[in-house]
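Peer 1:
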Amino acid sequence: MAVLAATVAAMAGTVLTLPAAASASTAVATPYVNNPSQCQGGADPGWFCAYSGQNFTGQSIGMYDCANYLIPWTSKGSWDNEQTPGTRPWLYWANGATAWHMPAAASYQKTNVDWAPVASITNC
Numbered sequence: 010m011a012v013l014a015a016t017v018a019a020m021a022g023t024v025l026t027l028p029a030a031a032s033a034s035t036a037v038a039t040p041y042v043n044n045p046s047q048c049q050g051g052a053d054p055g056w057f058c059a060y061s062g063q064n065f066t067g068q069s070i071g072m073y074d075c076a077n078y079l080i081p082w083t084s085k086g087s088w089d090n091e092q093t094p095g096t097r098p099w100l101y102w103a104n105g106a107t108a109w110h111m112p113a114a115a116s117y118q119k120t121n122v123d124w125a126p127v128a129s130i131t132n133c
């Protein structure tokens, strides 16, 4: 404890410079397919779900907590936004093009979502 107290005393008045907050596109991403029960056959209320297959089928990534989620697929899939009404996710492109502000909840696209050019989605 004496060493800790001496270290704290020695640092008194020291100013630490912290990095600026990361933007949503550089936020730490969740790199896994979690297939939650809240995404089976469509998103439960409060959830945004991305699907590797069309018509809410295949693997799914359930997004509930506000975060940036990697999209690992190159297939044609679907998505369902059943978050709080008005919540608009951001879709980020792999080529760095301007992010797309997706439609507000409640909304969905059941077919022909091309996941190949998509890097990630921030659900809030």
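Residue numbering for the sequence shown follows this note's numbering, starting at 10 and increasing by one per position. The beta-carbon is built from N, C-alpha and C at its ideal position, and this holds for glycine as well.
When burial is assigned at 16 or more other CB atoms within 10 Å of the CB, is G50 buried or exposed?
Peer 2: exposed
Peer 1: Candidates V42, C133, K119: which alpha carbon is nearest I80's?
Peer 2: V42
Peer 1: Secondary structure at S84, three-state DSSP: helix, strand or coil?
Peer 2: coil
Peer 1: What is the DSSP secondary structure of Q118, reduced to helix, strand or coil?
Peer 2: strand
Peer 1: Give the DSSP bridge partners of Y60, in chain order.
Peer 2: The partner list for Y60 (beta bridge, DSSP) reads S69, S87.
Peer 1: Look at the Cβ atom of F57, then the Cβ atom of P94, and state whether they are nearer than 9 Å.
Peer 2: no
Peer 1: Which residues share a DSSP beta bridge with V127?
Peer 2: W102
Peer 1: Is it buried or exposed, G55, if we count other Cβ atoms within 10 angstroms and call 16 or more buried?
Peer 2: Note on G55: under 16 other CB atoms within 10 angstroms of its CB, so exposed under the neighbour-count rule.
Peer 1: Is N44 closer than 9 Å to S69 when the C-beta atoms are compared?
Peer 2: Yes, the pair counts as a contact, with Cβ atoms nearer than the cut-off.
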